[in-house]
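Novice: Structure in structure tokens, see below.
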Amino acid sequence: MGSPKHVILVPFPAQGHVLPGVYLARKLAAQGLSVTIINIDSIHENLTRTWKHIEHQDIRLESIPMRLKAPKGFGAENLNDATAFMDAIYDLEEALAALLEITKLSHPVSCVISDFYHLSAPLAAARAGIPSVCFWSGAAAWASIHYSHSSLAAAGLCPVEGKTLRSLLELTPFLADSDTSKLVSNLPGLKPFRAEYLPSYYRKEFYEKSGGGKYFSLSLRRVEIDSCILANSIYELEPQVFDAMQQVVPGKFVSVGPLFPLKGGGASEMEASLRPESRESLEWLDNQAPNSVLYVSFGSVASLTRAEMEELTQGLEASQKQFLMVASRDLAPEVNESFFREFGERLSRSGAGMVVSWVPQLAVLQHGSVGGFLTHCGWNSTLESMSNGVPMLGWPCHSDQNTNCKFILEDQEIGMELRDKTRTGISMAIRSLMASEEMRSRASHIERVAREAASENGSSYKNLHAFIHSLK
Ligand code: BUP
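For the sequence shown, the working numbering begins at 35 and goes up steadily by one.
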């Protein structure tokens, strides 16, 4: 027997992107591949500290120096930091190409799999003569919107290369402007929808402030380089979109999700080993009634204003439902410490809920006490929730979150968007989510769909196998 096939994985250096990259590495290693994950040094240090749980697998960690860490908030309030961060990633091409050259000398590399947001990795792979594969860590619906730019480009309607941001905006027929009720139609596999559901970076204001068009056009350039796009979604969840994507990127777009361990698959043990202090929230859940707790989290990047935070906390308390909330200071930078302290004190008096700065989210969503999730609709949260049968109340903040809320929560009837964000609106929506047997039963159906797709001979399992088999 020869040495195992070797792949290099390059995640985008932010919380919501590193974890699915690690899960993908574990799946590949479980199939006998040798995997090297390359992270920027700050992420590398965190991972090596907590790496015990996969010591037995053939996964190595490498690092590449990068000074900047992912900024908090990719919303309009923090565009300068976000742009600087994207620039720093783009500037990694040279260093990454050098590392790939050295690595392939000691152990030949079948391909470099990089997050779709990572703009230097495919360029570096091409320079090192290694095939590049894209890891799409979002919904297929979002991919339909995103990749349609390339088909427009191919038709000469929206030439990406050499065009300025302004001309991209003028040439692209479906970019949102201030009229978010405009209908977006003719996108692969998607019924016409209002422009408000486009990812936030399609908004003219966002584009103009961020220079985001530069990264957007670069990310489309990688379509030419990538030999395959592994999508962390489920074929049976979005079949029309997966089928239609075959016209956009023929033969390239395949489902491989969900990649994380499903119920009974050791998520609690793994997550607890990552952060032992997070056991506290699981112990609190052990003492609650089945399906009685609303889990509340806005992920690792979104932030709320002081006014939003006040309405949210008042709405949660008024709902009279038990809740477990993740709220670090970063979630509400305008709110001072006494706000959180007083909120925590009120909760410990009333017993209405628990507020912590971090939870082992997968294990929380797999806990029998959790009956609903108030979420920012980040893709990982959305996929983790539905794959564990938990219905959602969506409070999308930025990026693809609007899109997930519309095409997944609402169209799949496993949740609803929270539109009235006053304390009364919030408490009414929570009560209606927690009481909805229809949404819970739809979510349980999706849980079964996810389990089936990931199980041996399921669609995602077979796709990942075929991909591994195709590697040279
Ligand atoms: Br907060 C938090 N515990 O306390 P998303 C997050 N997570 O395990 P994001 C925890 O981080 P984008 C916590 O399970 C998920 O895998 C969670 O990813 C985990 O949101 C991940 O949901 C969060 O995609 O990214 O990080 O805000 O902005 O891309 O949506």
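Positions of the beta carbon are idealized from the N, C-alpha and C atoms, including for glycine.
Looking at the structure shown, is S261 part of a helix, part of a strand, or coil, going by DSSP?
Specialist: Of the three classes helix, strand and coil, the one that applies to S261 here is strand, per DSSP.
Novice: List the whole-angstrom C-beta distance separating S410 from P425, where the pair is believed to meet the contact cut-off of C-beta under 8 Å.
Specialist: The sequence shown places His at residue 410, rather than the Ser named in the question. Contact doesn't hold; Cβ gap of about 16 Å is too wide.
Novice: What is the DSSP secondary structure of E490, reduced to helix, strand or coil?
Specialist: Three-state DSSP puts E490 in coil, outside helix and strand.
Novice: Let's test the definition: count the other Cβ atoms within 10 Å of the Cβ of Q435 and tell me whether it reaches 16, buried, or not, exposed.
Specialist: So Q435 counts as buried.
Novice: For C145, which residues does DSSP report across the bridge?
Specialist: C145 is bridged to V41.
Novice: Nearest CA to the CA of V146: which residue from T137, Q91, L130 and L43?
Specialist: For V146, the nearest C-alpha among the options comes from L43.
Novice: Between P45 and the ligand BUP, is the CB less than 7 Å from at least one heavy atom?
Specialist: No, the ligand BUP has no heavy atom inside 7 Å of this Cβ.
Novice: For K286, collect the residues of the same chain with a Cβ closer than 6 Å to its Cβ; drop the 5 residues on either side in sequence, then sort them by chain order.
Specialist: Excluding residues within five positions, the ones whose Cβ falls inside 6 Å are C262 and I263.
Novice: Taking the straight line between their C-alpha atoms, what separation do you get for D149 and L365?
Specialist: Those two C-alpha atoms are separated by around 25 Å.
Novice: Counting pairs of Cβ atoms below 8 Å between the segment 220-236 and the segment 251-261, do you hit three or more?
Specialist: No, because fewer than three Cβ pairs between the segment 220-236 and the segment 251-261 fall closer than 8 Å, the two stretches do not touch.
Novice: Roughly how many whole angstroms lie between the Cα atoms of V52 and H78?
Specialist: Those two C-alpha atoms are separated by around 10 Å.
Novice: Is any heavy atom in the ligand BUP found nearer than 7 Å to the beta carbon of E28?
Specialist: Coverage of the chain is limited to positions 35 through 506, which leaves residue 28 absent and any answer about it impossible.
Novice: Just to check, is the beta-carbon of S234 closer than 7 Å to a non-hydrogen atom of the ligand BUP?
Specialist: No, since every heavy atom of the ligand BUP falls outside the 7 Å radius drawn around the Cβ of S234.
Novice: Helix, strand or coil, according to DSSP, for A188 in the structure here?
Specialist: The predicted position of A188 is uncertain, since its pLDDT is 43 and thus under 50; no value can be drawn from it.
Novice: Taking the CB atoms as reference points, tell me whether F119 and L130 lie closer together than 8 Å.
Specialist: No, the pair does not count as a contact, with Cβ atoms beyond the cut-off.
Novice: Are L319 and L358 close, meaning C-beta to C-beta below 8 Å?
Specialist: In this structure, L358 lies closer than 8 Å to L319 by Cβ.
Novice: Y269 to V290, Cα distance in whole Å?
Specialist: Going by the C-alpha atoms only, they are around 8 Å apart.
Novice: Whose C-alpha, out of A174, S433 and Y329, is nearest the C-alpha of W392?
Specialist: Nearest of A174, S433 and Y329 to W392, Cα basis: Y329.
Novice: Look up Y495 in the DSSP assignment and say whether it is helix, strand or coil.
Specialist: In the structure shown, Y495 sits in a helix (DSSP, three-state: H, G or I).
Novice: Can you grab the Cα-Cα spacing for the pair Q274 / S140, in whole Å?
Specialist: One C-alpha to the other measures close to 43 Å.
Novice: For the alpha helix (DSSP H) containing I464, list its first residue and its last residue.
Specialist: From DSSP, the alpha helix (DSSP H) with I464 extends over R457 to A469.
Novice: Contact defined as beta carbons within less than 8 Å: I believe S403 pairs with V327. What is the distance between those atoms, to the nearest angstrom?
Specialist: That belief holds up - the Cβ atoms of S403 and V327 are roughly 5 Å apart, short of 8 Å.
Novice: Can you tell me the Cβ-Cβ gap for G172 and W413, rounded? I've got them flagged as a contact below 8 Å.
Specialist: 5 Å between Cβ atoms; contact.
Novice: Given this structure, state the Cα-to-Cα distance separating I74 from V167, to the nearest angstrom.
Specialist: Distance between the alpha carbons of I74 and V167 is about 19 Å.
Novice: Assuming the contact rule is C-beta atoms closer than 8 Å, E123 and I98 should be a hit. Round their C-beta distance to whole Å, please.
Specialist: It is worth fixing the name first, because residue 123 is Ile in this sequence and not Glu. The Cβ separation is near 10 Å, so there is no contact.
Novice: Skipping 5 residues on each side, what residues in its chain have a beta carbon closer than 7 Å to that of K57?
Specialist: It is Tyr, not Lys, that sits at residue 57 in the sequence shown. Contacts found: L293 and F294.
Novice: Whose C-alpha, out of R485, T347 and I448, is nearest the C-alpha of R380?
Specialist: Minimum Cα distance to R380 is reached at T347.
Novice: Take Q91 and list the residues in its own chain whose beta-carbon comes closer than 6 Å to its own, dropping the five residues that flank it on each side.
Specialist: Excluding residues within five positions, the ones whose Cβ falls inside 6 Å are A63.
Novice: Hey, how far is the Cα of F407 from the Cα of P142?
Specialist: The alpha-carbon atoms of F407 and P142 are separated by roughly 44 Å.
Novice: Start and end of the alpha helix (DSSP H) containing N436?
Specialist: Segment Q435 to N438, the alpha helix (DSSP H) holding N436.
Novice: Measuring straight from C-alpha to C-alpha, what distance separates E195 and R256?
Specialist: Note that E195 scores 43 on pLDDT, short of 50, meaning its location in the model is unreliable and no value can be drawn from it.
Novice: Would you please state the rounded distance, in angstroms, between the beta carbons of G515 and C439? I believe it to be under 8 Å.
Specialist: Since the first and last residues shown for the chain are 35 and 506, residue 515 lies out of range.
Novice: Just how far apart, CA to CA, sit A352 and S234?
Specialist: Approximately 31 Å between the Cα atoms of the pair.
Novice: Tell me where the alpha helix (DSSP H) around G412 begins and ends.
Specialist: Looking at the DSSP string, G412 is not in any alpha helix (DSSP H), and its letter there is neither H nor E.
Novice: Note down, in chain order, each residue of its chain lying with its Cβ closer than 6 Å to the Cβ of L399, except the 5 sequence neighbours on either side.
Specialist: Closer than 6 Å at Cβ, skipping near neighbours: E418, S419, N422 and V424.
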